[in-house]
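Read the structure below first, then the notes.
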Amino acid sequence: MKLANLELFEDVYRRGSLSAVARSRNVAPSVISRAISGLEAELGTLLFYRTTRKIAPTEAASLLMQEVEQHLDALRSLRTTLSDKADAPGGVLRISASHAFGIHCLGSIIPAFCRAYPGVRIDLTLTDQLVDIVGERFDLALRHGPLGDSSMIAMPVLRTRYHMCASPAYLAAMGHPREPGEISGRNCLTFPLPGFSDVWRLRDAEGHEHDIPVRSGMSVNSGIVLRDCALQGLGIVLLSDWLIGADLAAGRLIDLFPDHVATPSNFQTVISAVYPNRTYTPRNVKLFIAFLQQNLASALAMGPDILQQA
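Throughout the sequence shown, residue numbering follows UniProt numbering, covering 1 to 310 in sequence.
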């Protein structure tokens, strides 16, 4: 039995008029009448005798009113308490992210978030496997690229760019590829996921797309290890700017086709916060997503220490 229906019943009982209740709620009397009829059907008893001019409570209504008077204030108080608790930042926020993203991107964001919301305790799981958000009771997961599960809500938190790159030592030994197609004959370092391991894609300035079958000389389920192997000159790698941006800027890695847009999938390179489609999204989830949207890009652009004083 819904609290709102009990409150409506109390209002009708005290006012003794469907029309008066309807006016106070700015609805048609028929709406109030249907609601009372629904409550009667739920209880299996008549609550009000009705005529065209007035209504009168039945004995069942009087008995119900005694119970309502006894418990309704307590229920209202409980509703207020629960609502306040839901609105107040606090409790545990369970998050899943990849190892590389967690280490390189969340290391400064999460401490800053915890300083801003000290009542929230973060439970962060780093894994390169796709977790079952609902089944494993995560509040949200940070995921890369296109999403396969349409039952989830996805909020973008970071737009990224991929780079097809190699170390100066590798290029000195093997030569700089002149055309995208030459990548197929080179040793590529790949991630064992569809799109990352078999075909890489480039889009040139004119919008022409090039599908490049790649020969994987090493497959590793860690972006951090792939980066380290590329820095050691083991081959060509396709990684995101949030992971290798500093290496590109310092010349430790060279973007092979800087005038092209690279992707391991379908050019959807957004990182999203993914969470279950609920009627009420927990406040902690909303706060964390908003914090990422406001701070993540600038933190990555300005270095890991930018949020230390946040």
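The beta-carbon is built from N, C-alpha and C at its ideal position, and this holds for glycine as well.
Quick check on D247: buried or exposed, where buried means 16 or more other Cβ atoms within 10 Å of its Cβ? buried
> For the beta strand (DSSP E) that contains V237, what are its first and last residues?
Replying inline: 236 to 240
Quiz item: Since I254 and A166 are thought to touch, with beta carbons under 8 Å apart, how far apart are those beta carbons, to the nearest angstrom?
Solution: 6 Å
If L124 and I95 are in contact, beta carbons under 8 Å, what's the gap, nearest whole angstrom?
5 Å
Length of the line joining the Cα atoms of A61 and L39:
11 Å
**Message:** Quick check on the DSSP output: the beta strand (DSSP E) that includes H163 runs from which residue to which?
**Reply:** 162 to 166
Neighbourhood of A173 by C-beta distance below 8 Å, restricted to the same chain and skipping five residues each side:
G233
Assuming contact is defined by CB atoms lying nearer than 8 Å, are V157 and F191 in contact in what I supplied? no
(message) What does the alpha-carbon distance come out to for the pair T58 and A290?
(response) 53 Å
| field | One or two residues paired with G16 in a DSSP bridge | value | In DSSP, G16 forms no bridge with anything.
| Which one of G181, L226, L239, V27 has the shortest CA to CA distance from P213? | G181
By Cβ distance, which residues of its chain are closer than 8 Å to K54, with the 5 residues on each side in sequence left out? G16, S17
**Asked** Sorted by chain position, which residues of the same chain lie with C-beta nearer than 6 Å to Q293's C-beta, five sequence neighbours on each side aside?
**Response** V157
### Task
Run through the segment 151 to 236 for me and flag every whole beta strand (DSSP E) of 3 or more residues, listed as ranges in chain order.
152 to 159, 162 to 166, 187 to 190, 199 to 203, 209 to 213, 215 to 219
Practice prompt. Return the CA-CA distance between V225 and S240, expressed in angstroms with no decimal places.
Written response: 14 Å
| said: Excluding the 5 residues flanking G44 on each side, which residues of the same chain have their C-beta closer than 8 Å to its C-beta? | reply: none
| Do you know offhand how far R23's Cα is from I32's? | 10 Å
inquiry  = Does F257 come out as helix, strand or coil in the three-state DSSP assignment?
reply    = coil
Problem - Given L75 as reference, the closest of N284, A4, I110 once Cα atoms are compared - result: A4
_Beta-carbon within less than 8 Å of S98's beta-carbon, same chain only, minus the 5 sequence neighbours each way: which residues are those?_
L126, T127, D128, L142, H144, G223
Practice problem: Pull up the DSSP beta-bridge partners for L142, would you. | Solution: A273
- How would you write the range of the beta strand (DSSP E) that L126 sits in, first residue to last? 120 to 126
The alpha helix (DSSP H) spanning L106 covers which residue range? 99 to 116
**Study point:** First through last residue of the beta strand (DSSP E) which encompasses residue 323
**Key:** Outside the displayed range of the chain (1 to 310) lies residue 323, so it cannot be described from this structure.
Practice problem: Return the residue from the list L8, L243, P276, E206 that minimises the CA-CA distance to H260. | Solution: E206
Looking at the unbroken beta strand (DSSP E) that takes in R50, where does it start and where does it end?
48 to 50
task = Look at the alpha carbon of Y275 and the alpha carbon of M152, and state the distance between them as a whole number of angstroms.
result = 6 Å
Consider the Cβ of L300: report whether some Cβ of chain D lies at a distance smaller than 8 Å.
Absent from the structure is chain D; it holds one protein chain and no more.
Exercise. Closest to residue 323 by CA distance: which of I122, L106, Q70, L72 is it?
Worked result: There is simply no residue 323 to check, as the chain begins at 1 and stops at 310 in what is shown.
| task | Pick out whichever of E10, I110, M164 has its Cα sitting closest to the Cα of F257. | result | M164
Legend entry - R23 in three-state terms, based on DSSP: helix
Based on Cα-Cα distance, which residue from S19, G135, R215 lies nearest to T52?
S19
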